[in-house]
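The opening position of the sequence shown corresponds to residue 1 in the UniProt record's numbering, with each subsequent residue numbered one higher.
Read the structure below first, then the notes.
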Amino acid sequence: MNSPVTASPRAERLLVEILCRRDEAAGHPLDSAAADLGAIRAGGDLAQRIRTRALRLPGSDQSLAQIDRVLLVGRALVVALLVIAAIAGVAAASVALGDGRDLSIPMVLLALVGLNLFMLLVWTAMQVTPLRAPEWLVMLWSGLVRAISGVTSASPSSAGVEAIRVLSQGPGARWRFGAVLHGAWLAYTVAGLLTLVVLLVVRRYELTWQTTLLSAEGLRELAELLSVVPRLLGASGPEQLSLSGITSIEDHRGWARWLLLAVLVYGVVPRLIALIACMALALRTEPRWQRELARPGYARLRDRLMPDHREQVVVDAAAPASISTARPEATTELPSEAGLHGVMLEWPDALPGWPSSTWRWFGTADDLESRAAVLARLRAGPVAGLVVVVRAIATPDRGLQRFVADLAQAAGATTWIALGHLEGLEARGDGAKHRRIDDWRNLAANAGASGGVLAWDAQRGTARALDLRNDAR
């Protein structure tokens, strides 16, 4: 049995999601009795058992390593983007401040706030429609991650490629890319603001509101409009400070403080709010187990991993009168002659290697369509003998009894019920084990399975038939 590997919680969640998508595409879960049994023994609710099973599947350590590498490269790219944005902010502030003589307040606002606010408004308008992250941005990010992490499109089934696909799609992708975008603009503005603070402290600038096109009245209206929020924070505005002919030291200091507050409230704060909102929405759209467990990829694992909580479909109709109700004598082994047919009911394993028997395998009958197909093939005959393999921990209800009866009638030959995973019964104690085996014996008798009940011992490394009469008494 594979021991569970250690990885980051994020990588584990991605692995579970990738396996769910694979199972949904294949139409059935990956067969691994060792992983299933390990998850059952580990206990917990269904979500915990699904996670444990994913970590115990063959190849899970390599898959987690690929996913962790993709996540590491993605984080490195985000950090690199933030550094580049911060450098751009420093450069923009330095250029806007000029050569150290006249400092145009509108120029600084345009460089550190204007483009920032415009792009924020564009992004906000894009959220009105339920669009995914921009396709070009997704392709660029995915291509960079693949190139740096060494994941190639030549292996589309690799966990690394699928992790990139999961991260780039779905409702959470737009918020993740939005958080990266806002983080970059926030780094740009904060770096520019800090540069502005440092240069205003170490150098003397002549602040001015002079422009070429705007009149003095237009400048005053613009200054009054932009002063609404800084005024709430205690900054002086055009009512107290001169707009033209700024000569006094107090006016220069007042407008410098106003400029810093304006960059803070109009540049930093909106991006910070947008960043927090995107991060919260990205977390909110992360898979929630209680909602996601209804997906087919997870629901198919419920009966495997939660045998004690299996939802039963009880058929209240009595068994057909033609079915024998006499209790059959259990045989100690399967016949050695060729021609045995086998069918599994909700069974996660591959075909058991029964000794000295030549099998004709019918596969697993776990839904209405597959059950109907098995019955049709049995009726086509001839059948020398039929072995119905079930989990010992399953509940032998009337619905299952009716189907076994249908199988026995369709086969028209000796029918055995073979119990697997007896270790699940043994874990419940002798009393519960004996009662459940008696339940299976009663089902075999009522369903007309004349061969009785046998057991498959998989713990010894070989499959062999066992007599259950002594175990049940």
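Glycine included, every Cβ here is placed at the ideal spot set by N, Cα and C.
{"Asked": "Could you say which of R21, L261 and V198 lies nearest to L226 if we only look at CA atoms?", "Found": "L261"}
{"Asked": "Could you work out which residue in V122, S8 and I105 is closest to R253 when comparing CA atoms only?", "Found": "I105"}
{"Asked": "Roughly how many angstroms separate the alpha carbons of A427 and R371, rounded to a whole number?", "Found": "31 angstroms"}
{"Asked": "Is V83 near A54, with beta carbons less than 7 angstroms apart?", "Found": "no"}
{"Asked": "Short of 7 angstroms in beta carbon distance, which residues of its chain neighbour R51, apart from the five on each side in sequence? Order them along the chain.", "Found": "E12 and V16"}
{"Asked": "Indicate whether A159 and S8 have their beta-carbon atoms separated by less than 7 angstroms.", "Found": "no"}
{"Asked": "Please state whether DSSP places R10 in a helix, a strand or coil.", "Found": "helix"}
{"Asked": "Should L37 go down as buried or exposed, given a rule of 16 or more other Cβ atoms within 10 Å for buried?", "Found": "buried"}
{"Asked": "Answer yes or no: do A187 and A85 have a C-beta to C-beta separation smaller than 7 angstroms?", "Found": "yes"}
{"Asked": "Among F403, R21 and S60, which one has its Cα closest to the Cα of Q169?", "Found": "R21"}
{"Asked": "Mind checking H28: buried by the 16 CB within 10 Å criterion, or exposed?", "Found": "exposed"}
{"Asked": "Can you give me the start and stop residues for the beta strand (DSSP E) that R391 sits inside?", "Found": "G385 to R391"}
{"Asked": "Which ranges does the alpha helix (DSSP H) cover as unbroken runs of at least 4 residues, wholly within the stretch 151-202, from first to last along the chain?", "Found": "159-168 and 171-202"}
{"Asked": "Considering only the alpha carbon of each residue, which of D406, V453 and I67 lies closest to R165?", "Found": "I67"}
{"Asked": "Rounded to a whole number of angstroms, what is the C-alpha to C-alpha distance between G451 and L167?", "Found": "53 angstroms"}
{"Asked": "Assign G452 to one of three DSSP states: helix, strand, or coil.", "Found": "strand"}
{"Asked": "First and last residue of the beta strand (DSSP E) that includes L103?", "Found": "D102 to S104"}
{"Asked": "Given a cut-off of 7 angstroms on the beta-carbon distance, is the pair L207 and L103 in contact?", "Found": "yes"}
{"Asked": "Is the separation between the beta-carbon of R408 and that of A380 shorter than 7 angstroms?", "Found": "The question names Arg, yet the displayed sequence has Ala at residue 408. It is not a contact, given that the beta carbons lie outside the stated cut-off."}
{"Asked": "May I ask you to list the residues that DSSP assigns as paired with A33?", "Found": "DSSP, once it has assigned bridges, lists no residue as partnering A33."}
{"Asked": "Using the three-state DSSP reduction, which class does A209 fall into: helix, strand or coil?", "Found": "In the sequence under discussion, the amino acid at residue 209 is Trp, which differs from the Ala named in the question. Correct three-state label for W209: coil."}
{"Asked": "Per DSSP, which residues does A418 bridge with? Please list them.", "Found": "V389 and L454"}
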